[in-house]
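Let me begin by presenting the structure, written as structure tokens, before commenting on it.
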Amino acid sequence: MTTEATAPDETVPRRARRPRRAPVAEPGPPVQAGSDWSTWSTYDRAELGFRNHWYPAVWAHEVGRKPVPVTIAGEKVVLVRDDRTGAIKGLHDRCPHRGVPLSLGRRQFSGTISCPYHGWTYDLENGRLAAVITDGPDSPICGKVSVATYPVEERLGLVFVYIGELREDGTPPPVEDDIPDELTGNTLVLGGRNEIRDGNWRFAAENGFDEGHAKYLHNTALWRLFKVMPTWNKTRIVERDGWLIRVQDEVHWEAEFPGVGRFSNKRWWKRMPLPDRPGKNGDANPVIAALDLPGFVSIRLPGILRVAYPQFIHYEWYVPVDADHVRYVQLMVRFESGWKAAAFKAKYLTAIRWLFHGQFTAQDAWMVDVMDSPPERLYRPDLSLTAWRKHIEDADVVVQTVAGRGH
Numbered sequence: 009m010t011t012e013a014t015a016p017d018e019t020v021p022r023r024a025r026r027p028r029r030a031p032v033a034e035p036g037p038p039v040q041a042g043s044d045w046s047t048w049s050t051y052d053r054a055e056l057g058f059r060n061h062w063y064p065a066v067w068a069h070e071v072g073r074k075p076v077p078v079t080i081a082g083e084k085v086v087l088v089r090d091d092r093t094g095a096i097k098g099l100h101d102r103c104p105h106r107g108v109p110l111s112l113g114r115r116q117f118s119g120t121i122s123c124p125y126h127g128w129t130y131d132l133e134n135g136r137l138a139a140v141i142t143d144g145p146d147s148p149i150c151g152k153v154s155v156a157t158y159p160v161e162e163r164l165g166l167v168f169v170y171i172g173e174l175r176e177d178g179t180p181p182p183v184e185d186d187i188p189d190e191l192t193g194n195t196l197v198l199g200g201r202n203e204i205r206d207g208n209w210r211f212a213a214e215n216g217f218d219e220g221h222a223k224y225l226h227n228t229a230l231w232r233l234f235k236v237m238p239t240w241n242k243t244r245i246v247e248r249d250g251w252l253i254r255v256q257d258e259v260h261w262e263a264e265f266p267g268v269g270r271f272s273n274k275r276w277w278k279r280m281p282l283p284d285r286p287g288k289n290g291d292a293n294p295v296i297a298a299l300d301l302p303g304f305v306s307i308r309l310p311g312i313l314r315v316a317y318p319q320f321i322h323y324e325w326y327v328p329v330d331a332d333h334v335r336y337v338q339l340m341v342r343f344e345s346g347w348k349a350a351a352f353k354a355k356y357l358t359a360i361r362w363l364f365h366g367q368f369t370a371q372d373a374w375m376v377d378v379m380d381s382p383p384e385r386l387y388r389p390d391l392s393l394t395a396w397r398k399h400i401e402d403a404d405v406v407v408q409t410v411a412g413r414g415h
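317 is the number that the working numbering gives to position 309 of the sequence shown; each next residue is one higher, with no gaps.
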């Protein structure tokens, strides 16, 4: 289980500013002028993400009889598997009596969780106070107190938790609304990593969809050791079915920079890269080809990245934890069965997990952690960032705030 940094209920959490990796001479230069995020006021307020969405939390196999605490969009949740039904349940991780986390509690009776302090015992199904061990069987407060519950579903081996308002009939929207369609109706095999990283979720999402960084930041990654990276592209953004898609109109493998010199990622041992859209060469997996994507990188609300290659798709969920931490869920998916699925699983466990979901995306984590924006000065490739921010401004989103927690 990953240990999480959680936030007090009253304020948006802030972690102490850590020293930059390179020492800065004192007193140091002032921060240079640049743009703030006032153009994107909704985005600027979304430190904790958005309400009315399903977010992946931990792996389903990590939740058993022992309570598991998670923080999603600033909300403290305890996950526990109901021994009556086998289903995972989610409750607000705070006993109303004195504010002790229920995730520290005990499973004293079937289908319940008991606060470790005084034995206040809650039904996992509805959060109702069912018993108070230290006040006897006739405790008058029973039935008068409850804790908020959270809708929970298991998909793709993950526990998804709904943060937001319920519909008039008391149910949440379908969890499939926040899972890419191709993951819900096809046979597939996947490998993944799930961890909490430093930095706000918006920096992580922007890094994923960022047009410029991969060609330079990742040209030292072992995953790219034998693959040529472009030097620069001409790119535009198109929107389709709620996804923003990066479309590469021009790819330049090397360039001469006036007065500076020549730059190229080409090396004699590197082969030419995969095509700039997954179906370009006609050799894509049928499921991926049917998506008919004009580009290989796309992003959608509430913060899901899709990087589609001809034979596999890499997904990333950027789940807000608090203002300064993000749960980074990575899935590598192949739409295969039988021996091909088994071969992929073996390849994932022996190589991909460490090279791609490890060292490669660790470079992204480094940048997300040290980023300090705004103020900022944007350049042409940042059209990917501004399109994402504008998409959020134009969408019907509800910003998650501390005051807006619970149902």
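Cβ atoms here follow ideal geometry from the backbone N, Cα and C, with glycine treated the same way. None of the values given here were measured: they were computed from a predicted structure.
When beta bridges are read from the DSSP output, residue 137 appears opposite 130. Residue pairing from DSSP leaves residue 237 without any beta-bridge partner. Nearest Cα to residue 46 within the set 59, 408, 170, 397: 397. Cα atoms of residue 87 and residue 309: separation of roughly 24 Å, rounded to the nearest angstrom. About 24 Å separates the Cβ atoms of residue 166 and residue 286, ruling out a contact at the 8 Å cut-off. It is roughly 10 Å from the alpha-carbon of residue 215 to the alpha-carbon of residue 313. Under the three-state reduction of DSSP output, residue 118 falls in the coil class, being neither helix nor strand. Here residue 241 really is in contact with residue 260; their C-beta atoms are around 7 Å apart, less than 8 Å. Taking a C-beta distance under 8 Å as the contact criterion, residue 197 and residue 292 do not qualify as a contact pair. Leaving aside the five residues that flank residue 98 on each side, the residues in its chain whose CB is nearer than 6 Å to its CB run, in chain order, 85, 87, 158, 160, 169.
With distances taken between CA atoms, residue 311 lies nearest to 56 out of 110, 56, 42, 43. Judged by DSSP secondary structure, residue 49 falls within the alpha helix (DSSP H) whose first and last residues are 49 to 52. Counting C-beta atoms within 10 angstroms of its own C-beta, residue 40 has fewer than 16 neighbours from the protein chains shown and is therefore classed as exposed. The three-state reading of DSSP puts residue 401 in helix, counting H, G and I together. Within the same chain, Cβ atoms closer than 7 Å to the Cβ of residue 320 are found at 340, 341, 342, the five residues on either side in sequence being excluded. Spatial neighbours of residue 143 in its own chain (CB-CB distance under 6 Å, excluding positions within 5 residues in sequence) are not present. With contacts defined as CB atoms closer than 8 Å, residue 358 and residue 338 fail to qualify as a contacting pair. In the three-state reduction of the DSSP assignment, residue 193 falls in the coil class, being assigned neither a helical nor a strand state. With respect to residue 75, residue 118 sits apart: the two C-beta atoms are not nearer than 8 Å.
For the pair residue 68 and residue 399, the Cα-to-Cα distance works out to about 32 Å.
A check of alpha carbon separations from residue 122 across 154, 93, 148 identifies 154 as the nearest. Each residue's CA atom was taken as its position, placing residue 49 and residue 317 some 34 Å apart. According to the DSSP assignment, residue 84 belongs to no alpha helix (DSSP H) but to the beta strand (DSSP E) extending over 83 to 89. Sequence-distant partners of residue 208 (beyond 5 residues in either direction) whose C-beta falls short of 7 Å from its own C-beta, in its chain, are 55, 331, 332, 334.
Residue 114 sits close to residue 124, with the two beta carbons spaced by under 8 Å. In this structure, residue 43 places its C-beta atom within 8 Å of the C-beta atom of residue 384. As the crow flies, the alpha-carbon of residue 184 is around 26 Å from that of residue 255.
Distance from the CA of residue 103 to the CA of residue 79, rounded to the nearest whole angstrom, comes to 16 Å.
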